[in-house]
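Each residue of the sequence shown is one higher than the one before, counting from 0 in numbering that gives the first Met the number 0.
Notes to accompany the following structure.
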Amino acid sequence: MRNVNHSWVLCAAIAAAFPATSVSAGVVNNVLTQWRGHADKCEDPRQLDMEAMVNVAMFEAINAVTPKYTPYTKVIKAPEGSSAQAAAARAAHDVLVLVCADQKGMFEAALKTSLEAVTDKAARANGEKVGMEAAAAVIAARADSNAEGKDPVNRPQTPGAYVQTTPYIGMVVAKQTPWIMTSPDEMRPAPPVALDSEIWARDFNEVRTLGAKNAKDRTAEQTDIGEFWAGRSVRIVLNQFIGRPGRSLVDDARFLALAEMAWADSYVSMMDGKYHYNFWRPVTAIRNAETDGNDATAPDTQWEAMVTTPWHPEYPCGHCLSAGAVGAVIEQEFGSSSPPIVLEMEDALLRRYDTPQEYIDDVSESRILAGVHYRFSMEAGRKAGIEIGNVAAKRYFTPLKR
């Protein structure tokens with residue numbers, strides 16, 4: 000990754016006041032980015048699944064109007080001359096008013112604005128019908144996708160076991176029906192390293208040294224990296240790939256649908272692994288190192304991570320999984336011609352990545368520097384995420400045979 004200036008702390012304060020998607024550079028204003036923006040305002044526990052539903056529904060609608068790829072749900076026959084813009088807007092709208100019913104007024108107003116931009120009444124009406132059918136198909140496909148139940152109570156502490164830092168959150172996500180994977184545990188990584196191993200001692204001491212709240216050996220650039228990704232979703236990079244020369248609306252819709260499906264599944268895989276292994280966070284391990292049976296580790300009962308420790312078990316790294324999944328879809332879609340990933344705010348450069356792999360690696364490294372993950376967990380999460388992204392691009396929305 001290219002070096003950036005170290006005025007990031009000020010930039011972060013500015014960025015915090017804006018939606019996460021606004022830090023991506025070069026965003027095209029079209030029906031896809033508009034309705035992704037509307038979806039970001041939907042406040043619902045189904046947020047992960049909802050984002051994928053919206054983007055898949057828009058793809059299904061646009062692909063029905065301009066058939067180019069195999070659909071996710073079914074073949075929809077669009078009347079000739081149907082408006083792809085109207086179809087996409089209606090599809091996104093219908094998903095959002097179902098999932099976020101209490102915000103229906105906002106989405107109704109947004110739909111009215113989108114449809115007014117389509118002046119051909121017949122094209123608009125036919126497009127709406129296509130969008131309604133696409134949304135209904137996606138909603139039906141995901142009708143039984145969400146797991147129900149309560150997150151578990153805390154378990155007795157043993158060396159290596161997770162001790163909650165805040166109330167448990169996310170276990171039910173581990174049982175959500177995936178979009179891409181055949182089961183939540185399809186990409187589950189191998190178990191964490193043994194506590195008496197050299198790797199455990201190496202990675203324990205690395206995060207203890209670099210991830211501490213007031214670490215003396217962490218550089219200013221490393222602090223920037225750790226802080227930048229601590230409060231942001233890795234999917235903020237996606238919109239800047241929309242509307243690039245030589246690409247059609249259906250191409251972009253396909254890319255976004257794949258990326259959002261992969262992102263959603265990365266969370267399913269993450270929570271599956273976290274609650275299956277129930278591995279302790281650095282803050283617990285470092286404060287209780289006398290219990291791990293490893294002579295190369297030592298406790299520090301006052302140790303604190305640079306950022307607030309997340310509210311679920313440690314292994315595997317979730318940011319690493321998600322960045323791997325999204326980055327792999329970008330790599331599969333654009334290959335060697337992939338444009339740089341640029342994140343900026345009010346003309347201030349925050350981060351720049353010349354390749355998807357640089358982006359994946361920077362996000363992954365940030366979790367060690369933030370003090371919330373070990374390197375072996377980072378590597379396992381990154382690998383699983385890349386596998387999810389690669390499977391998404393190869394398994395779904397393949398070109399139609401002519």
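Built from N, CA and C at the ideal position, the CB exists for glycine as well.
Identify whether residue 398 lies in helix, strand or coil by the three-state DSSP scheme.
strand
Residue 402 versus residue 69 - alpha carbon distance
Past the edges of the chain, shown from 0 to 401, lies residue 402, and the structure says nothing about it.
Whole runs of the alpha helix (DSSP H) within the region 318-397, excluding any shorter than 4 residues:
355-368 and 374-394
So the alpha helix (DSSP H) residue 67 belongs to, where does it begin and stop?
Taken as a continuous stretch (DSSP letters only), residue 67 belongs to no alpha helix (DSSP H), as it is neither H nor E.
With distances taken between CB atoms, is the gap from residue 126 to residue 86 smaller than 8 Å?
yes
List, from N- to C-terminal side, the alpha helix (DSSP H) runs of 4 residues or more that fit wholly inside the region 75-132.
83-98 and 103-115
Just to confirm, is the Cβ distance from residue 31 to residue 57 under 8 Å?
Yes. Within cutoff.
Residue 263 (DSSP reduced to helix, strand or coil)
helix
Taking Cβ to Cβ, would you say residue 187 is nearer than 8 Å to residue 275?
yes
Are there 16 or more other CB atoms within 10 angstroms of the CB of residue 291, so buried, or fewer, so exposed?
buried
For residue 239, report the span of its alpha helix (DSSP H) as first-last.
Element bounds for residue 239: n/a, residue is neither H nor E.
Residue closest to residue 282, alpha-carbon to alpha-carbon, out of 358, 212 and 234
212
Tell me which residues share the same chain as residue 173 and place their Cβ nearer than 7 Å to its Cβ, disregarding the 5 neighbours each side in the sequence.
183, 267, 270, 271 and 274
Beta carbon of residue 388, beta carbon of residue 324: below 8 Å?
yes
Simplified DSSP assignment, three categories, for residue 258
helix
Residue of 393, 375 and 399 minimising C-alpha distance to residue 198
375
Between which two residues does the alpha helix (DSSP H) containing residue 172 stretch?
Careful: residue 172 lies outside any alpha helix (DSSP H) and carries neither H nor E.
In the structure shown, what three-state DSSP assignment does residue 211 receive?
In the structure shown, residue 211 adopts extended strand secondary structure according to DSSP, grouped into three states.
Taking the alpha-carbon positions, what's the residue 51 to residue 247 distance?
Rounded to the nearest angstrom, the two C-alpha atoms are 20 Å apart.
From the DSSP secondary-structure annotation, give me the bridge partner or partners of residue 304.
211
Rounded C-alpha distance that separates residue 33 from residue 42
17 Å
Tell me, to the nearest whole angstrom, how far the beta carbon of residue 224 is from that of residue 365; I am working on the premise that it is less than 8 Å.
5 Å
Taking the straight line between their C-alpha atoms, what separation do you get for residue 395 and residue 262?
14 Å
In the DSSP assignment, find the alpha helix (DSSP H) that holds residue 194 and state where it starts and stops.
Careful: residue 194 lies outside any alpha helix (DSSP H) and carries neither H nor E.
8 Å Cβ cutoff met for residue 339 and residue 352:
yes
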